[in-house]
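So the structure is just underneath, and the comments pick up after that.
Numbering (my numbering), first residue to last: 21 to 119.
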């Protein structure tokens, strides 16, 4: 596989290649979900303030412009993360932490 990110850690290069549509891997999410190696290479892009507890679950929409998060506060928040804007929040109905 040709990479536009030569010299970069192999796992991080594969993530970048997946984002631009040239990765072939069929089980990408299984290999990279909760990967400590990948997490240690990430940098903080923004801090979104809104939850009153530890955030345990995040997911981007298919276009990457919205983010949803779930927390120990049992609240779900939909974010316009690029603008640091909370678009919508609601109590999830969970009786305990959201994972």
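We treat Cβ as the ideally placed atom computed from N, Cα and C, and that holds for glycine.
Treat the numbers as computed from the prediction; the structure is a model and nothing was measured.
With burial defined as no fewer than 16 other Cβ atoms inside 10 Å of the residue's Cβ, what is the status of residue i: buried or exposed?
i          : result
residue 65 : exposed
residue 69 : exposed
residue 42 : exposed
So residue i and residue j are supposed to be a Cβ contact under 8 Å. How far apart are they, rounded?
i           : j           : result
residue 110 : residue 96  : 6 Å
residue 72  : residue 100 : So it is not a contact: roughly 20 Å between Cβ atoms.
Output the distance between the C-alpha atoms of residue i and residue j, rounded to the nearest integer angstrom.
i           : j           : result
residue 116 : residue 79  : 19 Å
residue 90  : residue 67  : 15 Å
residue 57  : residue 38  : 17 Å
residue 98  : residue 59  : 23 Å
residue 35  : residue 105 : 26 Å
For the beta strand (DSSP E) that contains residue i, what are its first and last residues?
i           : result
residue 40  : It is not in any beta strand (DSSP E) - residue 40 carries neither H nor E in the DSSP assignment.
residue 99  : 95-100
residue 112 : Looking at the DSSP string, residue 112 is not in any beta strand (DSSP E), and its letter there is neither H nor E.
residue 91  : 87-91
Along the chain, where does the alpha helix (DSSP H) containing residue i start, and where does it finish?
i          : result
residue 65 : Premise fails: residue 65 is in no alpha helix (DSSP H) and is neither H nor E.
For residue i versus residue j, is the C-beta distance shorter than 7 Å?
i          : j          : result
residue 61 : residue 86 : no
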